[in-house]
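As they're listed, the protein sequences go chains A and B. Quick note: the first sequence uses this note's numbering, first residue 130, plus one each step. Quick note: the second sequence uses this note's numbering, first residue 130, plus one each step. A short worksheet on the structure shown next.
There are 2 protein chains.
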Amino acid sequence: MVPELRKDPISGTWVIIASERSKRPNDFAGPNEKKKGGFCPFCYGNEDKTPPELLAYRAPGLEANRSGWSVRVVPNKFAAVQTEGELNPQTNNLYQTMNAIGAHEVVIESPDHNASLGSLPAAQAERVVRALCERYRAIAHDSRIQYIQIFKNSGGVAGASLEHSHWQIIAIPLVPEAVEREIANSREHYAVHRKCLFCDLLSQELEDNRRIVDQGEDFFIFCPYASRFPYELWIAPKNHLSNFGEMGERELAGLARAVKLAAGKLETAFNNPPYNIVLHTVPVQKGPELYYHWHLEILPRLTITAGFEWGTGYFINPTSPEMAAQVLRDIQLAQGEPENNQGGT
Amino acid sequence: MVPELRKDPISGTWVIIASERSKRPNDFAGPNEKKKGGFCPFCYGNEDKTPPELLAYRAPGLEANRSGWSVRVVPNKFAAVQTEGELNPQTNNLYQTMNAIGAHEVVIESPDHNASLGSLPAAQAERVVRALCERYRAIAHDSRIQYIQIFKNSGGVAGASLEHSHWQIIAIPLVPEAVEREIANSREHYAVHRKCLFCDLLSQELEDNRRIVDQGEDFFIFCPYASRFPYELWIAPKNHLSNFGEMGERELAGLARAVKLAAGKLETAFNNPPYNIVLHTVPVQKGPELYYHWHLEILPRLTITAGFEWGTGYFINPTSPEMAAQVLRDIQLAQGEPENNQGGT
């Protein structure tokens, strides 16, 4: 059965009902039960345990779907959306539904089962970012797709069902409401000031300086003024860029450095805490836009989202972003780590 | 330091920065570490370990802030908002802030440390609902308050920091965006159809019948069409009521029955799963409204909210609400439990 997108008429929120894996009470393992050790479909030698690869980086002459890759992208074996088919939107009185058509991919970050994003060699981090960008561009050609959500779940508490470090890409035929809200606020600012809201925000942050964690040549890392989570970090390009797929070579290298640095600081401060990373970018069917600015949000899962947050959509954060930024600025990571251009084990 | 409300200019979301308890990395115990056994400030004999009570039900002649109560409401000792003070709203270029003024209360459900909502005697469940409604009405008199969020966190995974069963009330000087969105959708429907959206939704559910779990004389229990969480349940009054504080004696009894029944079914199906309950009602400074319908949402925490959900605001649910409703309808709870009008241990 095709997974189904359904809209709640009261809140306006869409939900993917993946009904083919409908779960009865006994099927829930409990939210924190994760496989440690044992078989891993993302390790060398198990390439035939995933669907055939969509993209992989390996030395010339090596065979596809075999060992020897440095980054490997495969369809998610338990996809939340389906690649083939038509949307077939339907309305039944108050209810709207359509087939959950899109793409659901997994980007395996490294052949090393125990690697973490923060501990990757710099060249390997760059390959990961390059793979994300390549797949983003490839999926954007599908005219059924409205939005490509790139994200990472790190640690069982943050929703990772496999511990081998990876990213996910879910492409959907709708623009998410979270993105619509940001677009509406950014458009409003642009209409008044003829400037990008996020560019203005970065200027204000730079002048204030208390929440900046790091700035490389091309990217800022900072704790946002209204951080929802303790030690939340945002990564944004210094130059105005609205679309994640627009990055050039220089931005790819800069983003790889920033993501590795931000993850490394969190992993050091909290001894490998659970966290999510999410991309916010313009919808794929739009060209580059003057009013919007893409960015990554890193959300450490040190606290629990509970009734107040679910009821209101607002958050309670026990750590001020000013203090978080100071703590994270002060963390020094080892410099000049050995590069490993194979990115292998 | 007064906790601070800050608005994110990009998303429009407000956050409470409870900076006086700013947490350094070592202060995070890990999200699932909960005290089991040991000292409990909500048990008989420990009344002096909480702030003085705001409301309690006990037999006539018994002293306040001593044992003998059946339900007890106290200020939260670790409040996210502060009762005294002025809002003092300020704008600094792109950023808006105000003091987080409001109320944060705890409703202790029973003196029995091991009781669960579903296992309460019926008369005790009614006292709990009555206390929630009484406090709602009392807080609504404060003209600084715009919204009163009533919620329950049950189990450590759902954010409960104490296992002794309780509810919480957080009153804030803003109307939450989640409520604003529901109001906007409901107003739009009313403008076109001159009928309450939720009343129409209940009619459609009743006709369809596949997602109805139970209907008493005054309340429906059903799995919503676009359930975000597996086994999500909504409880709504059959008659049009927009404001939680409007309930009469008949509704109080009906709601108590419905809440106890819904919680009891979940507790039986999943052996006391973690869950949140959240109230959605009209903002307090509004009169009864024709377009809005209050309801409770029960959100079992059997799955983990991860990158896709944080990025998009959309959800992936592995259980269809039709199957969930069937499973929950089929669960028979023990009838005719002994009533205990003291509700005590």
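Ideal placement from N, C-alpha and C gives every residue a C-beta, glycine not left out.
Residues of the region 417-447 of chain A with a Cβ closer than 7 Å to any Cβ of chain B, in chain order: Leu428, Arg430, Leu431, Thr432, Ile433, Thr434, Ala435, Gly436, Phe437, Trp439, Gly440, Thr441, Gly442, Tyr443, Phe444, Ile445, Asn446 and Pro447.
Residue environment analysis places lysine 394 of chain B among the buried positions, since at least 16 neighbouring C-beta atoms fall within 10 angstroms of its C-beta. Setting aside the 5 residues that flank it on each side, arginine 316 of chain B is surrounded in the same chain by Tyr420, each with a C-beta closer than 6 Å to its C-beta; the list follows chain order. Counting every other CB atom within 10 Å of its CB across the protein chains shown gives histidine 322 of chain B a total below 16, marking it as exposed. Using a Cβ distance threshold of 8 Å, asparagine 155 of chain B and glutamate 176 of chain B do not count as a contacting pair. For the pair valine 144 of chain A and asparagine 228 of chain A, the CB atoms are not nearer than the 8 Å cut-off. In the DSSP assignment, tyrosine 276 of chain B forms a beta bridge with B:Ile301. Distance from the CA of lysine 206 of chain B to the CA of phenylalanine 157 of chain A, rounded to the nearest whole angstrom, comes to 35 Å. When Cβ pairs closer than 8 Å are counted between the two stretches, the region 272-283 of chain B is seen to touch the region 404-422 of chain B, the count reaching three or more.
With fewer than 16 neighbouring CB atoms inside 10 Å of its own CB, serine 272 of chain A falls in the exposed class. Under the Cβ distance rule, arginine 310 of chain A counts among the residues neighbouring chain B, one pair being separated by less than 8 Å. For leucine 303 of chain A, the CB contacts under 8 Å within the same chain, skipping 5 residues up- and downstream, are Leu134, Trp143, Gln275 and Tyr276 in chain order. Counting the other Cβ atoms within 10 Å of the Cβ of lysine 136 of chain B gives 16 or more, which makes it buried.
Burial is judged here by how many other beta carbons sit within 10 angstroms of a residue's own beta carbon; histidine 270 of chain B has fewer than 16 and is exposed. Scanning chain A for C-beta atoms nearer than 7 Å to the C-beta of proline 302 of chain B yields nothing, as the closest lies near 12 Å away. The Cβ atoms of phenylalanine 348 of chain B and alanine 387 of chain B sit closer than 8 Å to each other. The shortest CA-to-CA distance from alanine 147 of chain A to any of A:Ile230, A:Phe168, A:Pro138 and A:Gln219 is the one to A:Ile230. Here phenylalanine 358 of chain B carries a coil assignment [DSSP, helix/strand/coil]. At least one CB of chain B lies nearer than 8 Å to the CB of leucine 408 of chain A. A direct Cα-to-Cα measurement between valine 210 of chain B and leucine 216 of chain A gives close to 46 Å.
Serine 449 of chain B belongs to the set of residues whose beta carbon lies under 8 Å from a beta carbon in chain A. In the structure shown, the three-state DSSP call for valine 321 of chain B is helix. Interface flag for aspartate 459 of chain A against chain B is unset, since no Cβ pair is found closer than 8 Å.
Spatial neighbours of glutamine 219 of chain B in its own chain (CB-CB distance under 6 Å, excluding positions within 5 residues in sequence) are listed in chain order as Thr226.
Assigned with DSSP and collapsed to three states, lysine 367 of chain B falls in coil, not helix or strand. Distance from phenylalanine 327 of chain B to histidine 422 of chain B at the Cβ level is roughly 3 Å; contact confirmed, criterion being Cβ atoms closer than 8 Å. Chain B places a beta carbon closer than 8 Å to that of glutamate 306 of chain A, counting this residue as a contact. A Cβ-Cβ separation of about 17 Å leaves phenylalanine 444 of chain B out of contact with glutamate 451 of chain B under the 8 Å criterion. Here DSSP, grouped into helix, strand and coil, assigns methionine 376 of chain A to coil.
Against chain B, a Cβ distance below 7 Å from lysine 324 of chain A picks out nothing, because the smallest value is about 11 Å. For leucine 246 of chain B, not one C-beta of chain A is nearer than 8 Å to its own C-beta.
The residues Phe171, Arg201 and His295, in chain order, have a CB closer than 6 Å to that of isoleucine 237 of chain A in the same chain once the five nearest residues on each side in sequence are set aside. Looking at the DSSP output, tryptophan 198 of chain A shares a beta bridge with A:Arg187. Residues of the same chain with a CB within less than 6 Å of the CB of leucine 462 of chain A, apart from the 5 flanking positions on each side, are Gly393 in chain order.
The criterion of a C-beta distance shorter than 8 Å is satisfied by tyrosine 360 of chain A and threonine 448 of chain A.
Annotation: the continuous beta strand (DSSP E) that includes isoleucine 146 of chain A extends over 143-146.
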